[in-house]
Amino acid sequence: MTPLDRRDFVKAGTGTALGMSLSPAALLGRERGKAADRLRLGFIGMGGRGSWLLGLAIRRDDTEIKAVCDIVPEKSQRAAEAVTEVGRAEPRQFTAGEEDYVNLLERDDIDAVIIATPWLWHTPMAIAAMERGKAVGVEVPAATT
């Protein structure tokens, strides 16, 4: 077996991450392009990374943004406006404090959540989401948080 150097490791990891991001519908076993089978997303944390990830998601035709959550109402509002500016339905906003993300997770119309909060929150939010049957994406590798 040939040892894997750092450069090859990074390339392999990047390729895997890119491949998984290409088709969220396929990731959940859905046919791409069917309106009823779009990946329905909720976003928790609408700061720099959360907003950037939201921007990527709203460019895809196989996603719907159902909800956004941030403890700073202005950030949530900006995120909702970004969604409507591209002609999509306005997402529900959750801004009632540090635990309001739980209300987002309780929604039946969300398949997956993207967590882009301070690292302290990654694990409890991811666990709470998975306990409710949601697929989870965390802004950084969860192993480091």
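Read left to right, the sequence shown gives residues 157 to 301 (my numbering).
Backbone N, C-alpha and C fix where the C-beta goes; we use that ideal spot for every residue, glycine too.
All figures in this text were calculated on a predicted structure; none of them were measured in a lab.
- [ ] Determine the DSSP secondary structure at Met214, reduced to helix, strand or coil.
- [x] Correcting the residue identity first, residue 214 is Ile in this sequence and not Met. Three-state DSSP puts Ile214 in a helix.
Open item on the list: Can you give me the C-alpha to C-alpha distance between Ala272 and Gly243, rounded to a whole angstrom?
Closed with: 24 Å
Open item on the list: Please state the DSSP three-state secondary structure of Gly289.
Closed with: coil
- [ ] Measure the alpha-carbon distance for Gly289 versus Met202 and round it to whole angstroms.
- [x] 22 Å
TODO: Have a look at Leu210 and Ala235 and give me their C-alpha separation to the nearest angstrom.
DONE: 8 Å
Open item on the list: Counting C-beta neighbours from all protein chains within 10 Å, is the total for Ala282 16 or more, i.e. buried, or is it exposed?
Closed with: buried
Task: Reference Glu246; option with closest CA among Tyr257, Val224, Leu195 and Val294 - done: Val224
- [ ] Answer with buried or exposed for Thr240, where buried requires no fewer than 16 other C-beta atoms within 10 angstroms of its C-beta.
- [x] exposed
Open item on the list: With a threshold of 7 Å on Cβ separation, who are the neighbours of Leu178 within its own chain once the five nearest residues in sequence on each side are excluded?
Closed with: Because the pLDDT of Leu178 is 48, which lies under 50, any placement of that residue in the model is unreliable, and the number read from its coordinates should be weighed accordingly. Around Leu178: no qualifying Cβ.
Open item on the list: Does Ala282 come out as helix, strand or coil in the three-state DSSP assignment?
Closed with: helix
Open item on the list: Rounding to the nearest angstrom, what Cα-Cα distance links Ala173 and Arg248 in this structure?
Closed with: Confidence at Ala173 is low in this model, with a pLDDT of 48, below 50, so its placement is unreliable and the value that follows should be read with caution. Between Ala173 and Arg248, the C-alpha separation is close to 28 Å.
- [ ] Report the three-state DSSP secondary structure of Arg248 (helix, strand or coil).
- [x] strand
TODO: Could you give the DSSP three-state label for Gly253: helix, strand or coil?
DONE: coil
Open item on the list: Closest to Ala252 by C-alpha separation, out of Pro297, Pro229 and Ala285, would be which residue?
Closed with: Pro229
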